[in-house]
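Working notes, structure below.
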Ligand SMILES: Cc1cc2nc3c(=O)[nH]c(=O)nc-3n(C[C@H](O)[C@H](O)[C@H](O)COP(=O)(O)OP(=O)(O)OC[C@H]3O[C@@H](n4cnc5c(N)ncnc54)[C@H](O)[C@@H]3O)c2cc1C
């Protein structure tokens, strides 16, 4: 893989994380999933080595880097077969939002723990009746004295069981216009009135998804992150890192599957030559490699723009990177399974379950179609149908 676009520090980080990933790998993740456990050991070790907080401010124990570094970490763990999905949420969304917009007290309370892995935060925006249309979310916060009372429902929120708190996207009423404006609240896992039920997913992943019910959850004034009037800006500051990290997740998984297929194609021989010599097998693998490399280029662009403070430019690039990575991941996994013939579907080779897992990168956090809508309208200026 070419690394000319990365600094020596980035290359060293990539190599070090790859070495850590290799020590855990797909067997580790598989055994965690089969045991119904969480990847605590890998999470703790990655945190101890400074990888989970690499994007967080140094004064709070982070590495002082940005999305360029954090995306390298997730990509390499994924390429080793042991991605940590909660990285998309805890350090990338929640850590970024708190570091950029949280009060000093919130930063002191959360950032050191998010950086050293001792605290985890989930992120809940999706609602059953809103889905892709986040303008339609109805989780509402109203003032009760100094406190907030938060009521609503969320769905598909990852890792709520292991997270110390969930950053919940709600709305408050604008005193002047009466319109609802987005706001972010930190909701502790055991807050009274905050209930979760696990969704029975077909995914074989250590991270579980939950439906959440918030029934007049009483929160102190300082549960509101940042400024009540700048909610949208703050939200978008977290959503771009989420897209960049989902791209890293997809690229890592795609690389993992492709590497398994290439190994297999080099040795499996049913005619004169290994099956990798047949172009019908080799070319789709070459295409998958090209598409993963292209997706990484766009991810690097998005990370650079974001880290340079260009939120608008990063928005377009992060969407495109997420799109490209989701598509490249789905194709690479599909072709990898096919390359292994019957073994592609065996438990021993463990690739078939990635067919479902790869779809996550196409659906979440924003679906392929919604990115195509964004590019049609924002980049190309085409009219909207909805
Ligand atoms: C494994 C997993 C983990 C997740 N983790 C989290 C999490 O931690 N926190 C969280 O908040 N959410 C999470 N999600 C939710 C995820 O972000 C949503 O599933 C996603 O945003 C899509 O919303 P939806 O499922 O309601 O689909 P819908 O919005 O109902 O869309 C269904 C289909 O219709 C298409 N569609 C919708 N509107 C349009 C349109 N205008 N034009 C064209 N096509 C359209 C979509 O592209 C999609 O294919 C997770 C989801 C999964 C699968």
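Numbering (full-length UniProt numbering), first residue to last: 1 to 386.
Quick reminder that beta carbons are idealized off the backbone N, C-alpha and C, glycines included.
Computed from a predicted model, the values in this text were never measured in an experiment.
Within the region 160-186, the complete beta strand (DSSP E) runs of at least 3 residues fall at 165-173. For residue 246, the secondary structure class from DSSP, reduced to helix, strand or coil, is helix. Taking a contact to require three or more Cβ pairs closer than 8 Å, the region 176-184 and the region 107-115 do not qualify as touching. With the rule of 3 Cβ pairs closer than 8 Å, the region 254-266 counts as touching the region 324-340. In the structure shown, the three-state DSSP call for residue 8 is helix. At a cut-off of 7 Å, the beta-carbon of residue 251 does not count as near ligand 1: no heavy atom of the ligand is closer than that. Distance from residue 125 to residue 134 at the Cβ level is roughly 6 Å; contact confirmed, criterion being Cβ atoms closer than 8 Å. For ligand 1, no non-hydrogen atom lies closer than 7 Å to the CB of residue 378. Inter-residue distance for residue 137 and residue 155 is about 11 Å (C-alpha atoms, whole angstroms). Between residue 213 and residue 153, the C-beta spacing is below 8 Å. Residue 33 places its beta carbon 8 Å or farther from that of residue 287. In this model, residue 375 and residue 384 are separated by some 11 Å (Cα to Cα). With contact defined as three or more Cβ pairs closer than 8 Å, the region 224-232 and the region 294-307 are not in contact. Shortest Cα-Cα distance from residue 216 to any of 157, 234, 142 and 79 involves 142. Looking at the DSSP output, residue 269 shares a beta bridge with 274.
The continuous stretches of beta strand (DSSP E) do not include residue 201, and DSSP gives it neither H nor E.
Between residue 342 and residue 352 a beta carbon distance of about 11 Å is seen, past the 8 Å cut, so the two are scored as non-contacting.
Assignment of residue 83 by DSSP, reduced to helix, strand and coil, places it in the coil class.
In this structure, the CA atom of residue 220 is about 6 Å from the CA atom of residue 148. In terms of Cα proximity to residue 100, the closest of 20, 119, 7 and 231 is 231. Residue range 147-158 is occupied by the beta strand (DSSP E) that includes residue 147.
Sorting 283, 236 and 326 by C-alpha distance to the C-alpha of residue 312 places 236 at the top. With contacts defined by Cβ atoms closer than 8 Å, residue 128 and residue 242 do not form a contacting pair.
Within the chosen limit of 7 Å, ligand 1 does not reach the beta carbon of residue 323 with any heavy atom.
DSSP places residue 227 in the coil class of the three-state scheme, outside both helix and strand.
Residue 262 sits close to residue 285, with the two beta carbons spaced by under 8 Å.
Leaving aside the five residues that flank residue 48 on each side, the residues in its chain whose CB is nearer than 8 Å to its CB run, in chain order, 116 and 117. Within the model, the alpha-carbon separation for residue 10 versus residue 248 is close to 15 Å.
For the options 202, 276 and 246, the alpha carbon positioned closest to that of residue 326 is the one of 246.
Using a C-beta cut-off of 8 Å, the region 12-31 makes contact with the region 77-85, since at least three inter-stretch Cβ pairs fall below that distance. Annotation: the continuous beta strand (DSSP E) that includes residue 124 extends over 121-124. Judged by DSSP secondary structure, residue 214 falls within the beta strand (DSSP E) whose first and last residues are 209-219. Contact check between the region 57-76 and the region 37-45: fewer than three CB pairs, one atom from each, fall below 8 Å, which does not count as touching. Contact between residue 86 and residue 158 holds, since their C-beta atoms are separated by about 7 Å, short of 8 Å. Placement of the Cβ of residue 374 at a distance of 7 Å or more from every heavy atom of ligand 1 is found. The DSSP assignment places 311-339, 353-363 and 368-374 as complete runs of the alpha helix (DSSP H) inside the region 308-384, in order along the chain (cut-off: 4 residues).
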